[in-house]
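In the working numbering, the protein residues as written are 1 to 130.
1) In this structure, does DSSP put residue 14 in helix, strand or coil?
2) Which residue's Cα is closest to the Cα of residue 86: 73, 124 and 103?
3) Closer than 7 Å by C-beta to residue 113: which residues in its own chain qualify, once you throw out the five before and the five after it? Chain order, please.
4) Which whole-angstrom value is the C-beta distance of residue 68 and residue 48, which I expect to be below 8 Å?
5) For the alpha helix (DSSP H) that residue 115 lies in, which residues bound it at each end?
6) Any idea which residues DSSP pairs residue 5 with across the strands?
7) In chain order, what residues of the same chain have a beta carbon less than 8 Å from the beta carbon of residue 65, not counting five sequence neighbours either side?
8) Using the C-alpha atoms, what's the distance from residue 27 back to residue 45?
9) Terminal residues of the continuous alpha helix (DSSP H) containing residue 96?
10) Decide yes or no for the touch test of the stretch 14 to 30 against the stretch 116 to 128: beta carbon pairs closer than 8 Å, at least 3 of them.
11) Please list the terminal residues of the continuous alpha helix (DSSP H) segment that includes residue 60.
Written out as structure tokens, the structure reads:
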């Protein structure tokens, strides 16, 4: 699990997912986590839930889905960020949780790849082929 910086809604804020939060997200969106990004698109409602649950440690979890929806709209209207950028962060934090496996994790965070990591990924790929 990796904690990401997320300053869309306030300064010095973070977002992360552990197993408990991933389970909460599945319940909130009514589908498995793996199905969230399978199609290559992220539903807006799913993105809002990702921020709501992934940032529940902020303000003792008092921020609602409506809070995030309104703040995202403000960011887009002010042209501070594009929706695509906000969506990419939401997807990236799911990869940061490790739920999609090491290869997906390191594709999302290529600056963390070392020769040792490359070797382990290659070994895992070979094992899956056999």
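The beta carbon of each residue, even a glycine, is placed where N, CA and C say it ideally should be.
If we stick to the structure as given:
1) As a working mapping, residue 14 is identified with position 14 in the chain shown. If DSSP states are grouped into helix, strand and coil, residue 14 belongs with the strands.
2) Along the chain shown, read from residue 1 onward, the residue named residue 86 stands at position 86. The residue with the shortest Cα to Cα distance from residue 86 is 73.
3) For the purposes of this step, residue 113 is identified with residue 113 of the chain shown, where counting begins at 1. Exclusion of the five residues before and after residue 113 leaves 106 as the residues of its chain whose Cβ lies within less than 7 Å of its Cβ.
4) The residue labelled residue 68 in the question sits at position 68 within the chain shown. The residue labelled residue 48 in the question sits at position 48 within the chain shown. Distance from residue 68 to residue 48 at the Cβ level is roughly 5 Å; contact confirmed, criterion being Cβ atoms closer than 8 Å.
5) Counted from its first residue, the chain shown places residue 115 at position 115. In the DSSP assignment, residue 115 falls within the unbroken alpha helix (DSSP H) covering 115 to 129.
6) What you label residue 5 is simply residue 5 of the chain shown in a count that begins at 1. The secondary-structure analysis by DSSP pairs residue 5 across a beta bridge with 14.
7) The residue labelled residue 65 in the question sits at position 65 within the chain shown. Only 48, 49 and 52 meet the Cβ criterion.
8) As a first step, residue 45 is located in the chain shown; it is residue number 45 there, counting from the start. As a first step, residue 27 is located in the chain shown; it is residue number 27 there, counting from the start. Annotation: residue 45 to residue 27 spans about 13 Å, alpha carbon to alpha carbon.
9) The count along the chain shown starts at 1 and reaches residue 96 at position 96. It spans 83 to 96 - the alpha helix (DSSP H) in which residue 96 sits, taken as one unbroken run.
10) Judged by Cβ distances under 8 Å, the stretch 14 to 30 makes no contact with the stretch 116 to 128, as fewer than three pairs qualify.
11) Along the chain shown, one-based indexing puts residue 60 at 60. Element bounds for residue 60: n/a, residue is neither H nor E.
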